[in-house]
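Plus 446 on top of the position in the sequence shown (first one is 1) and you've got this note's numbering. All C-beta atoms in this analysis are idealised placements derived from N, C-alpha and C, irrespective of residue type, glycine included. Given the structure is predicted, the values throughout are model-derived calculations rather than measurements. Accompanying notes for the structure given below.
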Amino acid sequence: MGASIALARAEHGADVALNYHESTDAAATVIERLSFTGGCHVAVQGEAGSPDGIRALLADARNALGGRPIQVLVNNYGPFAMTPFVQMAESEFDRIWDANVKSVWVAAQEVAAEMRQAGWGRIVNISAGSAYVRNHSIYTLAKASLIALTESLAVEFGPEITVNAVAPGQIAESAEDIAQHDPGFVTRAVAHTPIGRLVTRSEVAAIVANLCGPLFAGVTGVTIPVDGGWHLSQF
447 MGASIALARA
457 EHGADVALNY
467 HESTDAAATV
477 IERLSFTGGC
487 HVAVQGEAGS
497 PDGIRALLAD
507 ARNALGGRPI
517 QVLVNNYGPF
527 AMTPFVQMAE
537 SEFDRIWDAN
547 VKSVWVAAQE
557 VAAEMRQAGW
567 GRIVNISAGS
577 AYVRNHSIYT
587 LAKASLIALT
597 ESLAVEFGPE
607 ITVNAVAPGQ
617 IAESAEDIAQ
627 HDPGFVTRAV
637 AHTPIGRLVT
647 RSEVAAIVAN
657 LCGPLFAGVT
667 GVTIPVDGGW
677 HLSQF
């Protein structure tokens, strides 16, 4: 997903700083894919799961882009877990919560001042379709809380900065990943989805890219479900 979002932003004319943790070769491949846009694109190694790591990687991103301020922040980091609450270790709760919610707050706090000083900024948070169900445990709690955090940040950070979120349903390219946790999930999801299929990474990335552009300049504090209508209640 991160690679698709980076490509969509580059196609919209942005210079992209892509964060990666360990996959140096994969990050280099993504940067090579972005080169046709003619922009200044860099890969920045960092640990997005800790506050100090987030602050360091943002500082490295600024430096790698020539010392320019960050104007657009996409918070895409967010590991999955659905261990039942009654069985969950405290360490797992903290890991999923910190990665999906606390990390967004830290990153947003870190870039707010420079965006305000520039008079313009865009923050897009990646929630998930799991925010609308109640059987994905800590991941549900984290992604639903991220929607509330998005709304609160939109109120606090305006007028210079808009803060929105996207809540993808199950991604077609990641169907095998969810099958490891729930083998029947994809079949049920497709049957429950009005468009009759799963959404793709490029579809989600296009929404993220447009939320950062002029078409959505008057929109803040919203979460857009990109799931083919999967989240809609049916009786």
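- Query: If you drop the 5 nearest sequence neighbours on each side, which residues of the same chain put their C-beta closer than 6 Å to that of V488?
  - Reply: A463, A510
- Report, in whole angstroms, the separation of the C-beta atoms of A472 and Y466, which I expect to be a contact under 8 Å. Contact between A472 and Y466 holds: their C-beta atoms lie close to 7 Å from each other, under 8 Å.
- Query: First and last residue of the beta strand (DSSP E) that includes V488?
  - Reply: For V488, the enclosing beta strand (DSSP E) stretches over residues 488-491.
- Item | Sufficient close CB pairs (3 or more, under 8 Å) joining the stretch 612-619 to the stretch 637-654 | Between the stretch 612-619 and the stretch 637-654, the count of C-beta pairs closer than 8 Å reaches three or more; the two stretches touch.
- Query: What residue range is occupied by the uninterrupted beta strand (DSSP E) comprising R568?
  - Reply: 567-572
- Message: Considering just the uninterrupted stretch of the alpha helix (DSSP H) at Y585, what are its terminal residues?
- Response: 583-603
- Would you report the Cα separation of M447 and M534, rounded to the nearest angstrom? 27 Å
- Message: Which residue marks the beginning of the alpha helix (DSSP H) containing V668, and which one marks its end?
- Response: Premise fails: V668 is in no alpha helix (DSSP H) and is neither H nor E.
- Task: Along the beta strand (DSSP E) that carries I702, what are the first and last residues, could you check?
- Result: Any question about residue 702 goes unanswered here, given that the chain covers just 447 to 681.
- From G642 to G565, what does the alpha carbon distance come to, in whole angstroms? 42 Å
- Query: In this structure, does DSSP put V476 in helix, strand or coil?
  - Reply: helix
- Secondary structure of L519, DSSP reduced to three states: L519 falls in the strand class under three-state DSSP.
- Query: On the three-state DSSP scale, how would you describe I653?
  - Reply: helix
- Taking the alpha carbon of A600 as the point to measure from, which residue in I569, T483, S576 has its own alpha carbon closest? I569
- Task: Work out the CA separation of A502 and A637 for me, nearest whole Å.
- Result: 44 Å
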